[in-house]
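Counting in the working numbering, the sequence shown runs from 23 upward without gaps.
Even for Gly, the Cβ is constructed at its ideal location relative to N, Cα and C.
Right, one structure below, let's go through it.
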Amino acid sequence: MKDFLKFTFATVTGIIVAGVLMTFLGIITLFSMASASESETQVPEGSVMMLKLNGTLEERNPQSPLNFLAANDYESYGLDDILNSIRKAKENPDIRGIYLEAAYLDCGFASLEEIRQALQDFKESGKFIAAYSDSYTQGLYYLASVADHVLLNPHGMLEWQGLAAQPVFYKGLLEKLGVEMQIFKVGTYKSAVEPWTNTAMSDANREQTGAYLHSIWSQMTDDIAQSRHLTLEQLNDAADQLMMLQPAEESLERGLVDTLIYKNDVRSYLKRLAGIDEDDNLPVLGLKDMINVKKNQPKDKSGNIIAVYYAYGEIDGLLAGGTDGINSEDVIRDLRSLKEDEDVKAVVLRINSPGGSAYGSEQIWHAVSQLKQEKPVIVSMGDYAASGGYYIACNADTIVAQPTTLTGSIGIFGQVPNTKGLTDKLGITYDVAKTNRYADFGGINRPMSEGERQLMQAYVNQGYDLFLTRCSEGRGISKEDMDGMAQGRVWSGSMAKELGLVDELGGLDKAIEIAAAKAGIDAYTLMNYPGKKSFWSELMATDPGNYIRMKLLDGRMKEIYRQVDMLDKLDTRDYIQARMPFELHIR
């Protein structure tokens, strides 16, 4: 008995000691991570910046303290960090080139286009860019094609096949469950509701999707043709051969890549490009190192500030992913502060949003309008600035978009599920006692009455009319003409420019340049808003369960999860939405 008690006591003591040690080691690790994230990087002479892409791209990356939980090397990157790092690499005399290692990147084409433009600008310094991949995705090949040297593994793969959008439809699933989605919308092309009501794309949706896919493909092939000295006919012919199933030698022969090389030999290749002897060390700086490289520019003393305000994600949404997104109350408060700050001479509103709450969009529109009365407001569009994302942009002084940005989608919809079929299958019944005709409006356990349907549709019509009015007045286009290009239709940035929905084509730098000109200032300091959270604030705000769940999901599974999560939270969302469908996938 004594031995048993001794053994039990020793075991319990061991568990406690191990727990204390693990906690202590965890704290040390977090302190080390926080310290490393803030220490300045020293750049050795003859360095090469390594842009290793294998993960997901966001407008701004808060560097979550839980990133170390991500499997393999899959990471989150901030577009702002990448653009700033490329700019610093161009300016730093000790950096001789950029090495792009392309594995996988979950992002939109407008973001790729922005990075590509930054790399193109980097080349003007006379420094080299080399790109390598075991297997190029189509998007990353578009990015890598700007390089002076495009390298591919001798037994690697290059995806080059054209663009396709493949929506997912849930109508059949809902019918099996006994759930009906009651839809109210305005806009022939407003396709966000189609996953719940259709089993295939409507003719209108197929028309708009085909149009913007061809527009994006045209931009991609034009850029690649120029960089690779190929014709559009050669690029399209290669796409029709499904290059990913062709031997690597075929990509070389067609001029899509320059060299077939094993990854193990790339370092020696880079040393030759950098003018470093084979026996010497090649200093390589990763993105995390570059973030902490000091900018090589004098400090501005004018006191003028151009504020870049980032608004990205769904507007007042409750989709999977936690608190990420545009919170209208936060944005309104922040824009009011920028309006009142006399040092802020102009504001660049960086939007990357498919939309969301129509009500929240209207509130932000009002805040932008008030800000515009005091100082110039320039919109820079990212991958998306559609529906509600366009709503909050339409009244800016100038709108700048990438040719591959998806925008427009000026339309409104509402959806209310009817689960009576499901509850009947389960043997669940409901009853009600009420004082007035519509006292139980919004209940999902029954179909809506004809009176409720009429009132709901009228409400949606009012929302669309207001949206149309905001866009018409903001863009100086008659309401009738605006309605002709609205109707929920999605446009590429280049198409929107021709229609007058967008003023200029370009990236964030272009928008900042316009903001400075509108404000009439030559000297200024760029300030990003809202301010990034500190390491410890980010740690306290992180939901580990949600973070891990979203890290485990990828591609189409993540999209399906978002749609199901949206359905689950319909009772906590605004009835009226102004957003694009999330299910659009462009390979």
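For residue 329, collect the residues of the same chain with a Cβ closer than 6 Å to its Cβ; drop the 5 residues on either side in sequence, then sort them by chain order.
For residue 329, where only same-chain residues beyond five positions count, the Cβ hits under 6 Å are 360, 366, 369, 549 and 551.
What are the partner residues of residue 513, as DSSP defines its beta bridges?
Bridge partners of residue 513: 429.
Within a Cβ cutoff of 7 Å, which residues of the same chain sit near residue 349, ignoring the five residues on either side of it in sequence?
Excluding sequence neighbours, residue 349 sits near 338.
For the region 224 to 259, list the beta strand (DSSP E) runs that are entirely contained and at least 3 residues long, ordered along the chain.
DSSP runs (the beta strand (DSSP E)) wholly in the region 224 to 259: none.
Give the DSSP bridge partners of residue 206, in chain order.
Partner(s): 436.
Evaluate residue 455 with the Cβ neighbour count: other Cβ atoms within 10 Å of its Cβ, from every protein chain shown; 16 or more gives buried, anything less gives exposed.
By the neighbour-count rule (16 or more Cβ atoms within 10 Å), residue 455 is not buried but exposed.
Under the assumption that residue 423 contacts residue 515 (Cβ atoms under 8 Å), give the Cβ distance between them as a whole number of angstroms.
With a Cβ gap of about 4 Å, residue 423 and residue 515 count as contacting.
Sort out for me which residues DSSP pairs residue 599 with in a bridge.
DSSP output for residue 599 lists 379 and 435 as bridge partner(s).
Count the other CB atoms, across all protein chains shown, that sit within 10 Å of the CB of residue 258; report buried if there are 16 or more and exposed otherwise.
With fewer than 16 other Cβ atoms within 10 Å, it is exposed.
Which runs of the alpha helix (DSSP H) fall wholly inside the region 71 to 154 and span at least 4 residues, in chain order?
If we require 4 residues or more, the alpha helix (DSSP H) runs fully inside the region 71 to 154 come out as 101 to 113 and 131 to 145.
Between the beta-carbon of residue 163 and the beta-carbon of residue 135, is there less than 9 Å?
No, the Cβ-Cβ distance between residue 163 and residue 135 is not below 9 Å.
Just confirm the distance between the C-beta atoms of residue 353 and residue 333, as a whole number of angstroms; I'd bet it's less than 8 Å.
Contact holds; Cβ gap of about 6 Å.
For the beta strand (DSSP E) holding residue 266, just list the boundary residues, first then last.
Neither: residue 266 is in no beta strand (DSSP E) and is coded neither H nor E.
Are residue 104 and residue 149 touching if we call contact CB-CB under 9 Å?
Cβ distance not < 9 Å, so residue 104 and residue 149 don't count as in contact.
Report, in whole angstroms, the separation of the C-beta atoms of residue 98 and residue 83, which I expect to be a contact under 8 Å.
Contact flag correct, Cβ pair sits at about 5 Å.
Give the straight-line distance between the Cα atoms of residue 252 and residue 392, rounded to the nearest whole angstrom.
Straight-line Cα distance between these residues: approximately 49 Å.
Do you know how far the Cα of residue 261 is from the Cα of residue 271?
Approximately 15 Å, taken between the alpha carbons.
How many Å lie between residue 158 and residue 183 at the Cα?
If I take the Cα positions, the gap works out to 12 Å.
How far does the beta strand (DSSP E) with residue 297 in it reach, from first residue to last?
Residue 297 -> no beta strand (DSSP E), and no H or E assigned at all.
What residue range does the alpha helix (DSSP H) around residue 470 cover?
Premise fails: residue 470 is in no alpha helix (DSSP H) and is neither H nor E.
Looking at residue 626: is its Cβ nearer than 9 Å to the Cβ of residue 96?
Residue 626 cannot be examined here, being either before or after the span of the chain that is shown, 23 to 609.
Just to confirm the assignment, what range does the beta strand (DSSP E) spanning residue 331 have?
Note, residue 331: beta strand (DSSP E), 327 to 334.
Which class does residue 178 belong to by DSSP, given the choice of helix, strand or coil?
DSSP places residue 178 in strand when its eight states are reduced to three.
I'd like the list of long-range same chain contacts for residue 522, defined as Cβ closer than 7 Å, with 5 residues on each side in sequence excluded.
Hits under 7 Å: 497 and 499.
Can you tell which of 195, 160 and 111 has the C-alpha that lies nearest to the C-alpha of residue 145?
The candidate whose alpha carbon is nearest that of residue 145 is 111.
Taking the beta strand (DSSP E) that residue 408 falls in, what are its first and last residues?
Residues 399 to 408.
Does DSSP put residue 460 in a helix, in a strand, or in coil?
In the structure shown, residue 460 sits in coil (DSSP, three-state: anything other than H, G, I, E or B).
Can you name the residues that DSSP bridges to residue 158?
180, per the DSSP bridge assignment.
List the residues that DSSP assigns as beta-bridge partners of residue 63.
BP columns for residue 63 point to 315.
Count the other C-beta atoms from every protein chain shown that fall within 10 angstroms of the C-beta of residue 322, then say buried if there are 16 or more, exposed otherwise.
Residue 322 is exposed by the Cβ-count criterion.
Which of the three DSSP states, helix, strand or coil, is assigned to residue 353?
Correct three-state label for residue 353: helix.
Assuming residue 537 is part of the alpha helix (DSSP H), what are its boundary residues?
First-last of the alpha helix (DSSP H) with residue 537: 530 to 541.
Could you tell me the distance, in whole angstroms, from the CA atom of residue 300 to the CA atom of residue 294?
When rounded, the distance between both Cα atoms is 8 Å.
If you run the structure through DSSP and keep just helix, strand and coil, what is residue 7?
Summary: the structure shown does not reach residue 7, with the chain confined to residues 23 through 609, and so no result is reported for it.
Evaluate contact between the region 229 to 240 and the region 447 to 466, counting only Cβ atoms and requiring at least three cross-stretch pairs below 8 Å.
As far as the Cβ criterion goes, the region 229 to 240 does not touch the region 447 to 466, which means the pair count is below three.
Find out if the Cβ-Cβ distance for the pair residue 489, residue 406 is shorter than 9 Å.
No, Cβ-Cβ distance for residue 489 and residue 406 is not below 9 Å.
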